[in-house]
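Colleague: Would you mind keeping the following structure in view while I ask a few things?
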Amino acid sequence: MASILVTCYSRTGKTKKLAASIGKGAKEVLGVDVDVLPFNRVTASDLVRYDGIILGSPVYFGGIAAELKEFIDETTFVRGKLVGKVGAAFTTAGDRTGGKETAILSIVQAMLIHGMIVVGDPIADESSNEEHNGGHYGLAADGQLTEHDLLQAEYFGRYVASVVARMC
């Protein structure tokens, strides 16, 4: 059975709440086991056990939290063991122009260096005419999380899990 890890660094709990919704959506996909684990319970060597890895961080000065950057730096010890695994990223920010895309790209860049297959966040079809906080590179939310943000996170989780299921 395919497996996915969802984890994030979260200082205030907002990013953790988004991670929980991503995990909820991913768990809806048959044939995929999903672990939503606290950031401090995951080591770089744990990543090797999963077929899909979804990492998240709040945005600080247009980048990821130092704690997640330190974790990513530790993944050099598993270099070569993440090749072909599915990766995805998400972030939260305090305001609309808070550097969400650059933070997501920092995570995605590390995944690409590891040879992972990166899954972005496809924008819903235009007929829904709803604002979308994701956009191409990964899931992003700003300000206070809304019900729409949490539903989008569930969709993102289902989408990533469906890709993992098809690949395994």
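Here my numbering is used: the first residue of the sequence shown is 1, the next is one more, and so on.
Quick reminder that beta carbons are idealized off the backbone N, C-alpha and C, glycines included.
Just so we're clear, the structure is a prediction, and the values are computed from it rather than from any experiment.
Taking its Cβ as the centre, do 16 or more other Cβ atoms sit within 10 Å of Gly13, making it buried, or is it exposed?
Modeller: Here residue 13 refers to the residue found at position 13 of the sequence shown. Exposed.
Colleague: Roughly how many angstroms lie between the CA atoms of Asp33 and Thr97, to the nearest whole one?
Modeller: Along the sequence shown, one-based indexing puts residue 33 at 33. Along the sequence shown, one-based indexing puts residue 97 at 97. For Asp33 and Thr97, the distance between alpha carbons rounds to 35 Å.
Colleague: Helix, strand or coil for Phe90? Go by DSSP, reduced to three states.
Modeller: The residue given as residue 90 occupies position 90 in the sequence shown. Strand, per DSSP.
Colleague: Counting pairs of Cβ atoms below 8 Å between the region 37-45 and the region 157-165, do you hit three or more?
Modeller: No contact exists between the region 37-45 and the region 157-165.
Colleague: Where does Gly52 sit, in a helix, a strand or coil, going by DSSP?
Modeller: The residue you call residue 52 lines up with position 52 of the sequence shown. Correct three-state label for Gly52: strand.
Colleague: Relative to the C-alpha of Gly87, which candidate in Tyr137, Lys17, Ser10 and Thr76 has its C-alpha closest?
Modeller: In the sequence shown, the residue the question calls residue 87 occupies position 87. Closest by alpha carbon: Tyr137.
Colleague: Just the C-alpha distance for Ile4 and Ile113, rounded to the nearest angstrom, thanks.
Modeller: Here residue 4 refers to the residue found at position 4 of the sequence shown. Here residue 113 refers to the residue found at position 113 of the sequence shown. Straight-line Cα distance between these residues: approximately 19 Å.
Colleague: Using the Cα positions of Ala2 and Leu30, report the straight-line distance between them to the nearest angstrom.
Modeller: The residue labelled residue 2 in the question sits at position 2 within the sequence shown. The residue labelled residue 30 in the question sits at position 30 within the sequence shown. Their backbone Cα atoms lie some 10 Å apart in a straight line.
Colleague: Find out if the Cβ-Cβ distance for the pair Ala44, Val83 is shorter than 8 Å.
Modeller: By 1-based counting over the sequence shown, the position of residue 44 is 44. By 1-based counting over the sequence shown, the position of residue 83 is 83. Not in contact: Ala44 and Val83 (Cβ atoms no closer than 8 Å).
Colleague: What are the boundary residues of the beta strand (DSSP E) that includes Thr7?
Modeller: The residue given as residue 7 occupies position 7 in the sequence shown. Per DSSP, Thr7 belongs to the beta strand (DSSP E) from Ala2 to Cys8.
Colleague: Answer with buried or exposed for Leu151, where buried requires no fewer than 16 other C-beta atoms within 10 angstroms of its C-beta.
Modeller: Sequence index remark: in the sequence shown, residue 151 carries index 151 (1-based). It counts as exposed.
Colleague: How far does the beta strand (DSSP E) with Leu139 in it reach, from first residue to last?
Modeller: Position 139 of the sequence shown, counting from 1, holds the residue named residue 139. Counting along the chain, the beta strand (DSSP E) containing Leu139 begins and ends at Leu139 to Asp142.
Colleague: Specify, as a first and last residue, the run of the alpha helix (DSSP H) that Asp73 falls within.
Modeller: If you number the sequence shown from 1, residue 73 lands on position 73. Unbroken alpha helix (DSSP H) run through Asp73: Ala66 to Glu74.
Colleague: In terms of DSSP beta bridges, what is Tyr60 paired with?
Modeller: Stepping through the sequence shown from its first residue, residue 60 is reached at position 60. DSSP, once it has assigned bridges, lists Gly63 as partnering Tyr60.
Colleague: Can you tell which of Ala165, Thr102 and Lys27 has the C-alpha that lies nearest to the C-alpha of Ala89?
Modeller: Locating residue 89 in the sequence shown gives position 89, counting from the first residue. Comparing Cα positions, the closest option is Thr102.
Colleague: Can you give me the C-alpha to C-alpha distance between Arg166 and Val48, rounded to a whole angstrom?
Modeller: In the sequence shown, the residue the question calls residue 166 occupies position 166. In the sequence shown, the residue the question calls residue 48 occupies position 48. Looking at the two C-alpha atoms, the distance is approximately 19 Å.
Colleague: Let me know if Pro122 comes out buried or exposed under the rule of 16 or more other beta-carbons within 10 Å of its beta-carbon.
Modeller: Along the sequence shown, read from residue 1 onward, the residue named residue 122 stands at position 122. The residue is exposed, with fewer than 16 neighbouring Cβ atoms inside 10 Å.
Colleague: Considering only the alpha carbon of each residue, which of Gly63, Lys16 and Glu28 lies closest to Glu154?
Modeller: Here residue 154 corresponds to residue number 154 of the sequence shown, with the count starting at 1. It is Glu28 whose Cα lies nearest to the Cα of Glu154.
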